[in-house]
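Undergrad: Numbering (the working numbering), first residue to last: 6 to 461. C-beta: ideal position from N, C-alpha, C; glycine also. Remember, predicted model here, so these are calculated numbers, not experimental data.
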Amino acid sequence: MPEYWANLGVDLHLDLGAAGSRRARVELALRDAIRSGRLAPGTRLPSTRALAGELSLARNTIAAAYEQLIAEGFLAARTGSGTTVAVLPDRPAPAARPVRTPAPRHDLRPGSPDVTTFPVEAWIRATRRALTRAPASAYDYGEPAGRTELRAALATYLGRTRGVLAAPEHIVVCSGYVQALSLLSRVIGGTIAMEDPCLPFHRDVVRHAGAGVMALPVDEDGARTDLLTGAVRAAVLTPAHQYPTGVTLQPGRRHAAVSWARDGGGLLIEDDYDGEFRYDRQPVGTLQGMAPGQVAYIGTAAKSLGPALRLAWMVLPDHLVEPVIEAKRLTDLHTESIGQLALADMIDSHAYDRHIRARRLDYRRRRDLLVDRIGGRYRLLGIAAGLHALLQLPGGGPGEDDIAARAAGDGLALTTLGPQWHAPGTPGLEGLVLGYATPRPAGYPAALDALARALA
Ligand SMILES: Cc1ncc(COP(=O)(O)O)c(C=O)c1O
Numbered sequence: 006m007p008e009y010w011a012n013l014g015v016d017l018h019l020d021l022g023a024a025g026s027r028r029a030r031v032e033l034a035l036r037d038a039i040r041s042g043r044l045a046p047g048t049r050l051p052s053t054r055a056l057a058g059e060l061s062l063a064r065n066t067i068a069a070a071y072e073q074l075i076a077e078g079f080l081a082a083r084t085g086s087g088t089t090v091a092v093l094p095d096r097p098a099p100a101a102r103p104v105r106t107p108a109p110r111h112d113l114r115p116g117s118p119d120v121t122t123f124p125v126e127a128w129i130r131a132t133r134r135a136l137t138r139a140p141a142s143a144y145d146y147g148e149p150a151g152r153t154e155l156r157a158a159l160a161t162y163l164g165r166t167r168g169v170l171a172a173p174e175h176i177v178v179c180s181g182y183v184q185a186l187s188l189l190s191r192v193i194g195g196t197i198a199m200e201d202p203c204l205p206f207h208r209d210v211v212r213h214a215g216a217g218v219m220a221l222p223v224d225e226d227g228a229r230t231d232l233l234t235g236a237v238r239a240a241v242l243t244p245a246h247q248y249p250t251g252v253t254l255q256p257g258r259r260h261a262a263v264s265w266a267r268d269g270g271g272l273l274i275e276d277d278y279d280g281e282f283r284y285d286r287q288p289v290g291t292l293q294g295m296a297p298g299q300v301a302y303i304g305t306a307a308k309s310l311g312p313a314l315r316l317a318w319m320v321l322p323d324h325l326v327e328p329v330i331e332a333k334r335l336t337d338l339h340t341e342s343i344g345q346l347a348l349a350d351m352i353d354s355h356a357y358d359r360h361i362r363a364r365r366l367d368y369r370r371r372r373d374l375l376v377d378r379i380g381g382r383y384r385l386l387g388i389a390a391g392l393h394a395l396l397q398l399p400g401g402g403p404g405e406d407d408i409a410a411r412a413a414g415d416g417l418a419l420t421t422l423g424p425q426w427h428a429p430g431t432p433g434l435e436g437l438v439l440g441y442a443t444p445r446p447a448g449y450p451a452a453l454d455a456l457a458r459a460l461a
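(1) When the Cα atoms are used, what is the spatial distance from residue 22 to residue 443?
(2) Given this structure, state the Cα-to-Cα distance separating residue 140 from residue 342, to the nearest angstrom.
(3) Just to confirm my understanding: we take residue 279, look at its own chain, exclude 5 residues before and 5 after, and list those with CB closer than 6 Å. What are they?
(4) When you measure from the CB of residue 204 to every non-hydrogen atom of ligand 1, does any distance come out below 6 Å?
(5) Is it the case that the stretch 223-237 contacts the stretch 253-273, given that we only count it when at least three CB pairs across the two stretches are under 8 Å?
(6) Can you have a look at residue 224 and say buried or exposed, based on whether 16 or more other CB atoms are within 10 angstroms of its CB?
(7) Are the beta-carbon atoms of residue 159 and residue 318 separated by less than 7 Å?
(8) Below 8 Å on the Cβ atoms is my guess for residue 214 versus residue 190; work out the distance and round it to an integer in Å.
(9) Are at least three pairs of beta-carbons, each pair with one atom in the stretch 169-181 and one in the stretch 282-297, less than 8 Å apart?
(10) Any chance the CB of residue 443 is under 6 Å from a heavy atom of ligand 1?
(11) Assign residue 86 to one of two classes, buried (16 or more other C-beta atoms within 10 Å of its C-beta) or exposed (fewer than that).
(12) With C-beta atoms as the reference, is residue 376 less than 7 Å away from residue 249?
(13) Taking residue 396 as the reference, which of 411, 73, 379, 406 has the closest Cα?
(14) What I want to know is whether the C-beta of residue 112 ends up closer than 6 Å to one or more non-hydrogen atoms of ligand 1.
(15) In this structure, what does DSSP give as the bridge partners for residue 393?
(16) Is any heavy atom in ligand 1 found nearer than 6 Å to the beta carbon of residue 312?
(17) First and last residue of the beta strand (DSSP E) that includes residue 273?
(18) Name the one or two DSSP bridge partners that residue 89 has.
(19) If you follow the beta strand (DSSP E) that residue 234 is part of, which residue opens it and which one closes it?
(20) Going by DSSP, what residues sit across from residue 179 in a beta bridge?
(21) Under 7 Å, do residue 175 and residue 326 count as touching if we go by C-beta distance?
(22) Can residue 298 and residue 322 be called in contact, C-beta distance under 7 Å?
(23) In the DSSP output, which residue or residues are listed as bridge partners for residue 300?
(24) Rounded to the nearest angstrom, what separates residue 457 and residue 414 at their Cα positions?
(25) Excluding the 5 residues preceding and the 5 following residue 11 in the sequence, name in chain order all residues of the same chain whose CB lies nearer than 6 Å to its CB.
(26) For residue 66, is the classification buried or exposed, using 16 other Cβ atoms within 10 angstroms of its Cβ as the cut-off for buried?
(27) If we ignore side chains and look at the alpha-carbon of each, how far apart do residue 404 and residue 251 end up?
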């Protein structure tokens, strides 16, 4: 059965059978395509001249086939808009797509920045500038480690703002923190300690990459790094602002972590997901700055710009650079290059710094409003930094699930502490992980009103 491609600006794929006249074969192919839904109502067909050229048939043959299908109601001809696929009255309704749950009216779930503030204009300017300067090779396959422009920009930026000791050769650009965690888990293997509580999704990522997960308890001084033993090969930590409790890893625990890694050859995986956002004092330095040979540092653009970019970066100790680059190559060759070039330009032009400063100011105001509205009655943890705080529920009152259910009835989506524990219901501590960056600015006060109602 010969196959033809016709081109009219849109591609049209027709299977012309071998039986019948040429006109009948064209009619049959179009009828089948329309009946099966492959050609949707409204689709514009090629001109008779274009289709005739593509199929090496006479134009009259195509015109006659179109006329026949118009008469049968499969096609519609409108002056000025050519021939289009008609709506068939007896066509079965298209299979229902899975319905997405409607967006809640108010959303205080953590995880996202205010995505309505994505710096569209700055990103477009950076992309235009970067692509104007980029060599043609930028559109070709690239290095698994990432674009040199971005790795150079990050090396300077991370040293300046986060105290990370990073040479561009030690940086690997990847698709989100998730991919960094996945690649490292695969390369390291064995059992990896993860904070308890932590994001359940990240535990799944580590397991999916073939590593085991061990719970590392968290208290008010951060992760219990003093409990790390030789049974684990690596420990994933959120030292600047623990997710979800918001506590900062205290100096004693930092030293314990570094000693464990130095003495036993373990690796510290530092998730610096919201390290740019510190409100009350200078940003807390990174573990990587203390022990670059023992720490795989991971930063992400998910909070600073937007999760949609899927842009993150690892700063690796010497011995992990090659294995991680190889794992990256075997996973997806490299992260797409255009976004990398745009981000490099934004960092070099300081547009990235300006955006983060503006966001920091806004999130700090939101944090203050949260403390004003809720802080008098409830203990709020982790308010010094980041985009979320943990509201600790006192015992004896309604539990987190009851409050979340009441909130849901009022159109407010909340995240409870429960699922973040490695073992469900672990220590009896109940709370709500409040993502105060999530709502649009105009919707934030109303979201807090809804929260107050749920807690009342
Ligand atoms: C603890 C933590 N780490 C990292 C990230 C960022 O992940 P990614 O870069 O894959 O979007 C998030 C996002 O919500 C997070 O909560």
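TA: On the basis of the data shown:
(1) 55 Å
(2) 12 Å
(3) 246, 308, 391, 392
(4) Yes - ligand 1 has a heavy atom lying nearer than 6 Å to the Cβ of residue 204.
(5) These segments touch.
(6) Around the beta carbon of residue 224, a 10 Å sphere encloses fewer than 16 other beta carbons of the protein chains shown; the residue is thus reported as exposed.
(7) yes
(8) 4 Å
(9) yes
(10) Checking the Cβ of residue 443 against ligand 1 gives no.
(11) exposed
(12) Residue 376 is not a Cβ neighbour of residue 249, given a cutoff of 7 Å.
(13) 379
(14) no
(15) 440
(16) yes
(17) 272-276
(18) 49, 81
(19) Element bounds for residue 234: n/a, residue is neither H nor E.
(20) 317
(21) Closer than 7 Å, so yes.
(22) yes
(23) 273
(24) 14 Å
(25) Residue placement at residue 11 cannot be trusted, given a pLDDT of 46 that sits under 50; what the coordinates show is reported in the next sentence. The residues are 17, 51, 56, 59.
(26) Flag for residue 66 reads buried.
(27) When the Cα atoms are used, residue 404 and residue 251 turn out to be separated by approximately 20 Å.
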